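From first to last, the protein sequence lines are chains L and X.
Note that my numbering gives residue 131 to position 131 of the first sequence, counting from 1, and the numbers run on in steps of one.
Note that my numbering gives residue 508 to position 203 of the second sequence, counting from 1, and the numbers run on in steps of one.
There are 2 protein chains.
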Amino acid sequence: MGLILALDFGGTKLTAGVVDAAVYHAHDLIWQAHKRVYSPADGDAQVDLATMAALGRELLAGERATAVGVSFGGPADYHTGVVRLSHHVSGWEDVPLQQRLAELFTAPVRIDNDANTAALGEWRFGAGQGLADLLYITVSTGVGGGWILGGRPYRGHNGMAGEIGHTAVDPNGPVCLCGKRGCVERFASGPYMSADLAEALELSGNEITGQDVAEMAAWGEEAALLILQRGAWALGVGIGNAANLMNPQRVILGGGVTKSGPDWWERVRQTARETVLPQAQFDIVPAALGDDAPLWGAVALMENM
Amino acid sequence: MGLILALDFGGTKLTAGVVDAAVYHAHDLIWQAHKRVYSPADGDAQVDLATMAALGRELLAGERATAVGVSFGGPADYHTGVVRLSHHVSGWEDVPLQQRLAELFTAPVRIDNDANTAALGEWRFGAGQGLADLLYITVSTGVGGGWILGGRPYRGHNGMAGEIGHTAVDPNGPVCLCGKRGCVERFASGPYMSADLAEALELSGNEITGQDVAEMAAWGEEAALLILQRGAWALGVGIGNAANLMNPQRVILGGGVTKSGPDWWERVRQTARETVLPQAQFDIVPAALGDDAPLWGAVALMENM
Numbered sequence: 001m002g003l004i005l006a007l008d009f010g011g012t013k014l015t016a017g018v019v020d021a022a023v024y025h026a027h028d029l030i031w032q033a034h035k036r037v038y039s040p041a042d043g044d045a046q047v048d049l050a051t052m053a054a055l056g057r058e059l060l061a062g063e064r065a066t067a068v069g070v071s072f073g074g075p076a077d078y079h080t081g082v083v084r085l086s087h088h089v090s091g092w093e094d095v096p097l098q099q100r101l102a103e104l105f106t107a108p109v110r111i112d113n114d115a116n117t118a119a120l121g122e123w124r125f126g127a128g129q130g131l132a133d134l135l136y137i138t139v140s141t142g143v144g145g146g147w148i149l150g151g152r153p154y155r156g157h158n159g160m161a162g163e164i165g166h167t168a169v170d171p172n173g174p175v176c177l178c179g180k181r182g183c184v185e186r187f188a189s190g191p192y193m194s195a196d197l198a199e200a201l202e203l204s205g206n207e208i209t210g211q212d213v214a215e216m217a218a219w220g221e222e223a224a225l226l227i228l229q230r231g232a233w234a235l236g237v238g239i240g241n242a243a244n245l246m247n248p249q250r251v252i253l254g255g256g257v258t259k260s261g262p263d264w265w266e267r268v269r270q271t272a273r274e275t276v277l278p279q280a281q282f283d284i285v286p287a288a289l290g291d292d293a294p295l296w297g298a299v300a301l302m303e304n305m
Numbered sequence: 306m307g308l309i310l311a312l313d314f315g316g317t318k319l320t321a322g323v324v325d326a327a328v329y330h331a332h333d334l335i336w337q338a339h340k341r342v343y344s345p346a347d348g349d350a351q352v353d354l355a356t357m358a359a360l361g362r363e364l365l366a367g368e369r370a371t372a373v374g375v376s377f378g379g380p381a382d383y384h385t386g387v388v389r390l391s392h393h394v395s396g397w398e399d400v401p402l403q404q405r406l407a408e409l410f411t412a413p414v415r416i417d418n419d420a421n422t423a424a425l426g427e428w429r430f431g432a433g434q435g436l437a438d439l440l441y442i443t444v445s446t447g448v449g450g451g452w453i454l455g456g457r458p459y460r461g462h463n464g465m466a467g468e469i470g471h472t473a474v475d476p477n478g479p480v481c482l483c484g485k486r487g488c489v490e491r492f493a494s495g496p497y498m499s500a501d502l503a504e505a506l507e508l509s510g511n512e513i514t515g516q517d518v519a520e521m522a523a524w525g526e527e528a529a530l531l532i533l534q535r536g537a538w539a540l541g542v543g544i545g546n547a548a549n550l551m552n553p554q555r556v557i558l559g560g561g562v563t564k565s566g567p568d569w570w571e572r573v574r575q576t577a578r579e580t581v582l583p584q585a586q587f588d589i590v591p592a593a594l595g596d597d598a599p600l601w602g603a604v605a606l607m608e609n610m
C-alpha cells in the first residue's frame, strides 16, 4: 500500500499520475495527482529521463512512492527492464530504464510497452474487467496489440507478442515500412491512410491527417471512403485471424482511428465475424479508459508489490 | 502413480497405449502395451465407445488404470469433457465422453482434441521439451494447431484456439469449405492440394493423393510444384502471422504433408521468416513423436493426477 507513481512516455509527451493504493479502485478511478508535459522537439533520452524524475517528484510533492510503473511508447522489455529504442527520440537504445528509475525514486519499478500496459489497464479497470482472455489493439500512428491470456498478461518469448499490425492479410497489397506487402498497419493506421488519400487526391502527404480521412469519408468523398473501409477491412481480417488462433472472449479497440464513425466499426466487426470460425465468436468493443489506459496499466503493473 | 491408459481416437482408427507411470520418462518412452484398431466403415459413436472400452480392458489385462487420457480427432472440450461432434462418424454430437469413460474405467479421465494433445505430447516428450511458448501445427487432412504458452496448454475462451488453418492469407484466394477465401488450409492441406492438382491436370479428384502431389513435384511436374509451393507459402504466412501475434520460441510441424521434402520445408521457413518481424525470430522444426504424439499427449494430460 501507499502511493503508486505511474509514468506514460509517448515519445512526444509524458504523462504522470499518482494514486493512493488505499483509495482508488476499479469502479472509482481517482488520480491523487495527474499532469502531462510535452517533450522539446530536440530532446533526447537524457532530457526525457530528467523530465520523468522532475514530473514524478512534483506529483509526489515530498512523499515517497512505494512503487513506480512505466508505460513506454516503443520496444521495452518487461523482463529485463530495458528500453530497446524509441522510434521518436534519440538516445534510448538499450537504456536500463527500470534500474535508472529505481535509483531515482528508491522504489521498485516495472516497465512495459504501451500496448501491453493499455491491455493491462483496460483489463484491470476498463472494458475487459473480469475476462480471462482478451486482445487490446491500438489503432493510431501504428497498429499494435497486447494480450491478456488465462487471466494474466502474455508477452511472448522475448516480449514481442501482440504485433497484429504486422500480420499480413493481402499478398498483393501495398508495401509496408517493415518490408512486407499487405500488413494490417499498412492499410489501417492513420498516417498510412492519410498518405494513401493524399496520393489519391494528388496532394502532398502532410496536408491530410488521419482525422481528415474520417471526416472526408463522412462527407461521402469517394477516395476517403474507400481508403477508410479498406483499413477497416484489413483490421477486421487481422482480428478474425487472431481470434481463430487464440479464441479470446473480447477484443478492445483504442486509439484515434477508432473515432472514425459507425461505418468503420461496422466494417471491422463484420469482416472479423466473417473471418473467424462460427464457434469462436467474441465481441469487439471500444476502449473505456481513453488516453489514460496505458497510465492505469502502469498502475496495475505495480499492484500487489 | 500406477498405470495410465491413453486413447487416441482418429475417426477411422483407434490407438490405445498403457504406460507404467513409475517407468516411462521423457528420454525413454516405453509403452507397456500398445495397439491400434480400425473402425468399421458403418460404425457410430456407440460402436466406437464399445471399442474404446474393449481395447482399454485388453491392454490393461486385468489391472486397474489410475487415470485415462483421451485424444479426440474432432471438436472436444477439455473443460466440460464433452465431444461436440466427429467429422467422420455419426452419433458423436454432444457425447459426454469424459463421464462415460470415467464410469467404464472407474478412474479420472480427461479429454482434449488431437491438435492440443499433440502439442502437449511434443512439449512434454518431443521436439518442444523445456520450452515455455510453442505452437504445434498438424498439416494433414486439415491444418490445425495447439498452443503451449507460459509453460502450460492454452485452449482459448471456449476451447477453439489454434485454428491456424482458417486464418486468411489471401483475399483473392480460392474458397475454403468454411466459406472464406484464401484460408491456410485451403492452400496447404493434403486433400485441397490433391484436388487442385487433379483440376489442373483435368483428372477426377480421387485419382491423386496428397503424397502424389509431393512425388510429382519432386519429379519436376510443373503444376504439382506450383501447388506444393503455394501451400508452403500459405503455411509460412500463417506461421509468420502467428509469430507476430504470439512470439513463440518454436513452431513444430507434424502430419503427412510435412513429408513433402526439403524444398517444401525451405519455402515454409523462408516465408515465415519474411513475414515475422526480425525481433521475433523463432525456429520451425519437425515433430519428434510422429503418429504417437497425440497418444503421448493423452498420457501427459493425466500426469500428476
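Heads up, the beta-carbon is just placed ideally off N, CA and C, and yes, glycines get one too.
Because the structure is a prediction, the values reported are computed rather than measured.
Item: DSSP three-state call for H34 (chain L): helix, strand or coil?; Value: strand
Item: List the residues of chain X whose Cβ lies closer than 9 angstroms to the Cβ of K180 (chain L), in chain order.; Value: G545, E579, T580
Item: Rounded to the nearest angstrom, what separates G361 (chain X) and R405 (chain X) at their Cα positions?; Value: 13 angstroms
Item: Less than 7 angstroms separating the Cβ of A547 (chain X) from some heavy atom of the ligand COA?; Value: Although the ligand COA was asked about, the structure shown includes no ligands whatsoever.
Item: Extract the residue ranges of the beta strand (DSSP E) inside the stretch 38-116 of chain L, only unbroken runs of 3 or more that lie entirely within it.; Value: 65-72, 109-113
Item: Count the CB pairs spanning the stretch 423-431 of chain X and the stretch 592-603 of chain X that are closer than 8 angstroms, and state whether there are at least three.; Value: yes
Item: Mind listing the chain L neighbours of G467 (chain X)? Cutoff is C-beta to C-beta under 9 angstroms, in chain order.; Value: N244, L245, M246, N247
Item: Which runs of the alpha helix (DSSP H) fall wholly inside the stretch 555-608 of chain X and span at least 4 residues, in chain order?; Value: 567-580, 598-606
Item: State yes or no: is the C-beta of G297 (chain L) within less than 8 angstroms of the C-beta of S71 (chain L)?; Value: yes
Item: Considering only residues of the same chain and omitting the five flanking positions on each side of G678 (chain X), which have a CB-CB separation below 8 angstroms?; Value: Since the first and last residues shown for chain X are 306 and 610, residue 678 (chain X) lies out of range.
Item: For I513 (chain X) and M521 (chain X), I'd like the C-alpha separation in whole angstroms.; Value: 10 angstroms
Item: For D133 (chain L), would you say it is in contact with chain X, using Cβ-to-Cβ distances shorter than 8 angstroms as the test?; Value: yes
Item: With a cut-off of 8 angstroms, does the C-beta of P171 (chain L) fall near any C-beta of chain X?; Value: yes
Item: Closer than 8 angstroms by beta-carbon distance: list the chain L residues that pair up with V542 (chain X), in chain order.; Value: A168, P171
Item: Taking C-alpha atoms, which residue in L:Y192, L:A50, L:T66, L:I30 lies nearest to F9 (chain L)?; Value: L:A50
Item: I'd like the list of long-range same chain contacts for W233 (chain L), defined as Cβ closer than 7 angstroms, with 5 residues on each side in sequence excluded.; Value: R267, T271
Item: Since Y154 (chain L) meets chain X, which of its residues come closer than 7 angstroms, beta carbon to beta carbon?; Value: L454, G455
Item: Per DSSP, G145 (chain L) forms a beta bridge with which residues?; Value: L:I137
Item: Under DSSP, the beta strand (DSSP E) around D325 (chain X) begins and ends at which residues?; Value: 318-325
Item: Under DSSP, the beta strand (DSSP E) around L3 (chain L) begins and ends at which residues?; Value: 3-9
Item: Hey, how far is the Cα of G210 (chain L) from the Cα of D114 (chain L)?; Value: 20 angstroms
Item: What is the DSSP secondary structure of V480 (chain X), counted as helix, strand or coil?; Value: strand
Item: Touching or not, the stretch 243-263 of chain L and the stretch 136-154 of chain L, by the rule of three or more beta carbon pairs under 8 angstroms?; Value: yes
Item: In whole angstroms, what separates the C-alpha of I589 (chain X) from that of L482 (chain X)?; Value: 27 angstroms
Item: Verify whether the separation of the beta carbon atoms of V414 (chain X) and V400 (chain X) is less than 8 angstroms.; Value: no
Item: To the nearest angstrom, how far is it from the Cα of K318 (chain X) to the Cα of D349 (chain X)?; Value: 12 angstroms
Item: Indicate the three-state DSSP secondary structure (helix, strand or coil) for R155 (chain L) in the structure shown.; Value: coil
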